[in-house]
Amino acid sequence: ATVPPGPTPGPVVTAAFNDWTTYGFDNARTGFNPNSRAITPTSLASLHLAWHVAVPDYRTQTQPILASNIGGRAGTLIVGGARGSAYAYDAVSGKPVWSKLLGNAGEPATLSGVGGTAAYDPASGSVYVVSNSNTALNAPTQVLINKINALDGSLLSSVNIAPSPLPGEVNFAHTSVTLA
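Numbering (the working numbering), first residue to last: -11 to 168.
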């Protein structure tokens, strides 16, 4: 799908980022980052679109997470796509950093891929992403929790958490993981 051009980006301001490790910032999903003081009522008028990108993976149902200070980048945005890949973008420039196919890209696309927001573990530099591989009813089902290296997107490990499907049943996960 073609994305219409957005507003002309303003100058990029390099700033320090805070990790946004999961959906809603914290495990309570509050959406509040107590470490950020950059957006205030007086700074709203100076906000502008720095960049935008169309995730090249059908569509996404996930929210991006932010990992700071990885590989010399101030921030790395990580998002999942419905056809089964996780993508990382430089948070300042919007340039692709890596992509990793995790699920089966078969049809129907709504039953495969990444359906929930990832979680980032700053202590290990790992991203946890749930992916699905469901290509047909009664086909072998995989619902994987994948551990990915946030630096380069390499798969470190995965575990299948799907139960065996009953006749006519397909298992899939459309949820965010929580790091505890």
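Positions of the beta carbon are idealized from the N, C-alpha and C atoms, including for glycine.
Assign residue i to one of three DSSP states: helix, strand, or coil.
i           : result
residue 139 : coil
residue 33  : helix
residue 51  : coil
residue 160 : coil
residue 152 : coil
residue 27  : coil
residue 45  : coil
residue 97  : Bear in mind that a pLDDT of 48 at residue 97, under 50, signals an unreliable position, so the model cannot answer this.
residue 61  : strand
residue 11  : coil
residue 67  : strand
Whose CA, out of the options, lies closest to the CA of residue i?
i           : options               : result
residue 139 : 51, 50, 28 and 64     : 64
residue 148 : 31, 141, 155 and 135  : 135
residue 50  : 144, 117, 155 and 153 : 117
residue 155 : 129, 142 and 144      : 129
residue 60  : 21, 41, 85 and 36     : 85
Using beta-carbon positions only, say whether residue i and residue j come within less than 7 Å of one another.
i           : j           : result
residue 131 : residue 106 : no
residue 79  : residue 88  : no
residue 39  : residue 101 : no
residue 162 : residue 104 : yes
residue 6   : residue 34  : no
residue 166 : residue 15  : yes
Looking at the C-beta of residue i, does it have a partner C-beta in chain B at a distance below 7 Å?
i           : result
residue 111 : Here chain B cannot be found, since the structure has a single protein chain.
Run the proximity test for residue i: is its beta-carbon closer than 6 Å to any non-hydrogen atom belonging to the ligand COA?
i          : result
residue 34 : In terms of ligand content, the structure shown is empty, and the ligand COA therefore cannot be addressed.
So the beta strand (DSSP E) residue i belongs to, where does it begin and stop?
i           : result
residue 115 : 114 to 121
residue 78  : 73 to 78
residue 170 : Since the first residue shown for the chain is -11 and the last is 168, residue 170 is missing from the structure and cannot be characterised.
Would you check if the region 98 to 116 and the region 54 to 64 touch, i.e. whether three or more CB-CB distances between them fall below 8 Å? Put simply, the region 54 to 64 touches the region 98 to 116. At least three CB pairs are less than 8 Å apart.
Inter-stretch contact (C-beta, 8 Å, three-pair minimum) for the region 68 to 81 and the region 32 to 50: With three or more CB-CB distances shorter than 8 Å, the region 68 to 81 counts as touching the region 32 to 50.
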